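In what follows, a structure is listed as structure tokens, so that the remarks can point back to it.
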Amino acid sequence: MTQISSRAVRIDQNGGPEQLKLVEVTVGDPGPGEIRIRHKAVGLNFIDVYQREGLYKLPMPLQLGMEAAGMIEAVGPGVTHLKAGDRGAYASQPPGSYCEVRVMPAKCVCKLPDAISFETGAAMMLKGLTAQYLLKKTLPAEGLQSGDFVLFHAAAGGVGLIACQWAKALGLQLIGTAGSDEKCGLTKANGAAFAINYAKEDFVARVKEITGGKGVKVVYDSVGKDTFLKSLDCLRPFGLLASFGNASGKVEPLDLGLLAAKGSLYVSRPTIFTHLATRESTQAMADDLFAMVGGGKVKIHIDQSYPLAQVQQAHHDLEARKTTGCTILTL
Ligand SMILES: NC(=O)c1ccc[n+]([C@@H]2O[C@H](COP(=O)([O-])OP(=O)(O)OC[C@H]3O[C@@H](n4cnc5c(N)ncnc54)[C@H](OP(=O)(O)O)[C@@H]3O)[C@@H](O)[C@H]2O)c1
């Protein structure tokens, strides 16, 4: 039986970035439905922060990380879409991508096209597939048409900069919010039609102004606690609030009567992992992402990269809103 040694990052208890420990682990052979992958680069995501802090509770000890790219070394019984020697990339449960080598379920691992580097693959799978399901599958009842306004919070972040470009390619007028003028400039350079610095401007008033008082059809809100209620005020009647994250903290329980009072609104709390429930849905979404990136319509901005051993600094910077675009850990 194979016994491979790998560096990995894990936590033994919830807490701050100081809980992230570099350890040695032993990796064996893949079982049924599994693969062994040797990572070339690992993606950093805000969900890693929620899992580290304990906002999303998981059993300890916990090897963090949900996104990476690398070489498939071995496949277990029943795996037919991958073979040893393939290049692969994934966004996948369970956590564990902060490492050199791991055994994991094959279902969400996709062959990475030769034209896409390992670094880009590691940076884009979780964030790009999220932008995909938000803009293509998390829609108001009548769908989105070219020219429609959508509001996208934290638009200069990892998911955000991908969404700016993808929305433009779909003909949508994305209004992006971000926490500084510099970040606002970045969203516009990536296709946002309008940018609002929500650290100093009232974004509800600005959205009303931009849309001639009508409001937007969808708000994509990953900031959570600080923006949720104000996001409802940006919607036109029958509009949809897609609450897909909690960067500022968990959203308070909602009084449903507010949705009636504000115009028969819809609220959804989607997660990528419902969309990645099957091999077929995962591959279809990945093919869409590969076409957008391979065809040059979406550029993946890797604005920060840290060696695996500096993962504590990477978490610090992500939480302190010092990052833009995507962040990877290098091996
Ligand atoms: N549900 C899903 O399927 C799913 C999948 C992927 C990601 N997400 C969510 O999407 C969001 C973006 O993920 P990401 O990995 O690409 O992260 P990111 O956007 O690169 O980083 C988070 C951004 O949120 C903004 N923010 C606002 N208030 C904040 C606060 N109090 N603390 C920290 N940041 C704050 C910051 O931008 P500004 O400084 O510009 O405000 C920060 O840069 C996260 O909330 C994540 O959980 C959800």
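Number 331 marks the last residue of the sequence shown (our numbering); no jumps. Using N, Cα and C, we set each Cβ at its ideal position, and we do this for glycine too. Note that the structure is predicted; figures quoted are calculated from it, not measured.
Nearest-angstrom Cβ-Cβ length linking residue i and residue j, presumed shorter than 8 Å
i: Leu135; j: Ala106; result: Rounded, the Cβ-Cβ distance is 27 Å, inconsistent with contact.
i: Leu139; j: Val218; result: 7 Å
i: Met292; j: Trp166; result: 6 Å
i: Arg10; j: Gln93; result: The Cβ separation is near 16 Å, so there is no contact.
i: Leu289; j: Leu265; result: With a Cβ gap of about 29 Å, Leu289 and Leu265 do not count as contacting.
i: Cys164; j: Gln283; result: Not really, about 25 Å apart at Cβ, beyond 8 Å.
i: Gln312; j: Pro17; result: 4 Å
i: Tyr90; j: Ala123; result: Not quite, the Cβ-Cβ distance comes to about 12 Å (not below 8 Å), so this is no contact.
i: Leu126; j: Gly43; result: 6 Å
i: Val267; j: Cys234; result: Actually they do not touch by this definition, with Cβ atoms about 13 Å apart.
i: Val27; j: Val103; result: 6 Å
i: Gly213; j: Cys326; result: Contact doesn't hold; Cβ gap of about 36 Å is too wide.
i: Ile141; j: Thr187; result: Just to set this straight, residue 141 is Ala in the shown sequence, not Ile. With a Cβ gap of about 27 Å, Ala141 and Thr187 do not count as contacting.
i: Val298; j: Ile162; result: 6 Å
i: Gly88; j: Pro32; result: Wrong, their Cβ atoms sit about 18 Å apart, outside the cutoff.
i: Ile272; j: Thr130; result: 5 Å
i: Leu20; j: His315; result: 6 Å
Residues bridged to residue i (per DSSP)
i: Pro307; result: Thr330
i: Val9; result: Leu22
i: Phe149; result: Gln173
i: Lys111; result: Gly88
i: Ile4; result: Val27
i: Ile116; result: None, per the DSSP bridge assignment.
Backbone secondary structure at residue i - three-state DSSP
i: Ala141; result: coil
i: Ile162; result: helix
i: Lys322; result: coil
is_contact[residue i, chain C] using C-beta, thresh 9 Å
i: Tyr98; result: Absent here is chain C; the protein component of the structure consists of one chain.
Check: Whole alpha helix (DSSP H) runs in the stretch 22 to 107 with 4 or more residues, listed along the chain?
Finding: Note on the stretch 22 to 107: whole alpha helix (DSSP H) runs with a minimum of 4 residues are 46 to 53, in chain order.
Checklist line | Completely contained beta strand (DSSP E) runs for the stretch 171 to 225, where each covers 3 or more residues | finding: Correct list: 173 to 178, 194 to 197 and 216 to 221.
Check: Taking only runs of the alpha helix (DSSP H) that begin and end inside the stretch 229 to 300, which ones reach a length of at least 4 residues, in chain order?
Finding: Taken in chain order, the whole alpha helix (DSSP H) runs of length 4 or more contained in the stretch 229 to 300 are 257 to 261, 272 to 275 and 279 to 294.
Checklist line | the stretch 171 to 182 / the stretch 248 to 257 touching (three or more Cβ pairs under 8 Å) | finding: At 8 Å Cβ cutoff, the stretches do not touch.
Notebook entry, point to check: For the stretch 304 to 315 against the stretch 2 to 22, are there 3 or more C-beta pairs whose distance is under 8 Å?
Noted result: With contact defined as three or more Cβ pairs closer than 8 Å, the stretch 304 to 315 and the stretch 2 to 22 are in contact.
Note to self: Across the stretch 112 to 131 and the stretch 317 to 324, are there enough close Cβ pairs to call them in contact, namely three or more that are closer than 8 Å?
What the structure shows: Result no; under three Cβ-Cβ pairs closer than 8 Å.
Margin query: Closer than 8 Å is the cut-off here; do at least three beta carbon pairs connect the stretch 63 to 81 with the stretch 33 to 51?
Written below: Yes, since at least three Cβ pairs between the stretch 63 to 81 and the stretch 33 to 51 fall closer than 8 Å, the two stretches touch.
Margin query: Can you confirm whether the stretch 234 to 244 touches the stretch 185 to 196 when touching is taken to mean that 3 or more C-beta pairs between the two stretches lie within less than 8 Å?
Written below: Three or more Cβ pairs closer than 8 Å define a contact, and the stretch 185 to 196 falls short of that threshold against the stretch 234 to 244.
Check: Is the stretch 148 to 164 touching the stretch 94 to 114 in the sense that three or more CB pairs, one from each, lie closer than 8 Å?
Finding: A contact between stretches requires three or more CB pairs, one per stretch, nearer than 8 Å, and the stretch 94 to 114 fails this requirement with the stretch 148 to 164.
Notebook entry, point to check: Is there contact between the stretch 194 to 208 and the stretch 168 to 176, where contact requires at least three CB pairs shorter than 8 Å?
Noted result: Result yes; three or more Cβ-Cβ pairs closer than 8 Å.
Notebook entry, point to check: Does the pairing of the stretch 53 to 67 with the stretch 84 to 100 give three or more beta-carbon distances under 8 Å?
Noted result: The answer is yes - the stretch 84 to 100 touches the stretch 53 to 67, with three or more Cβ pairs under 8 Å.
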